[in-house]
Structures are given as C-alpha cells and as structure tokens.
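Take 1 as the starting number for the sequence shown in the working numbering and just add one per residue.
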Amino acid sequence: MPRQSCASLEHTLRRSITLRFMVELDTTKIADPTALTREAPAVSPLVERERTRATTRLPQPAPGRYLAIPDGDEVALVPLREPTTRLGRSHTADVVLEDPSVSRRHALVVRREGRTVVLDDRSLNGVVLNGERVSEAPLSHGDEIVLGRIAVQYVEVAG
C-alpha cells in the first residue's frame, strides 16, 4: 500500500467530513460521478475552496447556473454567479481543478446576451463539448464539458 503524504491524509479527512449532496433536477439525475468522467481520478479534482463553495444544506439548489463536478464518490454543484468564470489548474482560477491534464488557464464560462457560453482559454488539451472539440460554444442544461480528463456537466435550475 502506498504511503500517503500529510497533505493527502489531511485532504482525505477534510473530504470525509464535508457535507455535500446528490442532485436531481428535472429528468437529469447525477448519481454516479464516474458517468461524468472518462477516467475518474483517484482523488477529487476540486480544491477545498470549491468544495466549500459547493456545500449546501438545501434539499434543492437555488435557481441559477451551476457546474456539476465529480468530487470523489459524489458530485459537487459549483454556482456560476459571476458574468465570467475561469476554470483551470491555477489557484487564480475561479474554479480550480487539480488535475495535470487540465491547463492552468483552461476554459471560461461567460454570460453573453442572455446565453451561457464556454470558451477555450488557450488550453493544451482543448475543450470538448458533448464529444466535439470547440473553441467557443453555447451551453444548454445537461451539456457535458470535458477539460483534459475531467468531465463536468452544465446545469440550469429554473426559478
């Protein structure tokens, strides 16, 4: 059995006591995070900041736009409140995904003329939307966005 570092053990302990929830919206049910990712990482790609932001005690998420991100055995909903949300491996990103296949500046999710759009932010591995590589594309509820090896789902909750 491989020896875990102190940081890895601390991450495991924090993850085990963080309250998260499963999501059921309309007909889209996210119950199996491995269905969202081609190759599920052994450790969560989310940093503690995103995990805390995604934590909620509500039975249903508030109306709005979200990214459903695999987090170990669960799925975390990260709200998209700002007009522009930066996704990447850099700790300056709005949503930090700690996976070597994700570029430091991988993608942007922006509000544009009442629509939500995903943009490739000059990433090495590109942005794949529903199986097709894109540089820019509008998002709809349930769309799968793949950043490197990490697959996330775009979720809209009507008010």
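Note that beta-carbon positions come from the ideal geometry of N, C-alpha and C, so glycine has one too.
Whether A93 touches I145 by CB criterion (9 Å): no
Exposure label - T84; buried when at least 16 CB within 10 Å: exposed
Assigned exposure category for P33 - 16 Cβ within 10 Å defines buried: Note that P33 scores a pLDDT of 40, beneath 50, so its modelled location is shaky; the value from the coordinates is reported in the next line. With 16 or more Cβ atoms within 10 Å of its Cβ, P33 is classed as buried.
Nearest candidate by alpha-carbon position, reference P61, set S135, A76, R133 and N125: A76
Under 9 Å between C-beta atoms of D99 and R149: yes
Host beta strand (DSSP E) of A62 (start-end): It is not in any beta strand (DSSP E) - A62 carries neither H nor E in the DSSP assignment.
Pairwise C-alpha distance: P63 and N125: 32 Å
DSSP bridge partner residues for R111 (one or two, in chain order): T116
Local conformation of E98 per DSSP, three classes: coil
Residue(s) in a DSSP beta bridge with L124: Note: L124 sits in no beta bridge, so no partner.
Buried versus exposed call for P70 [16 or more other C-beta atoms within 10 Å across all chains shown]: buried
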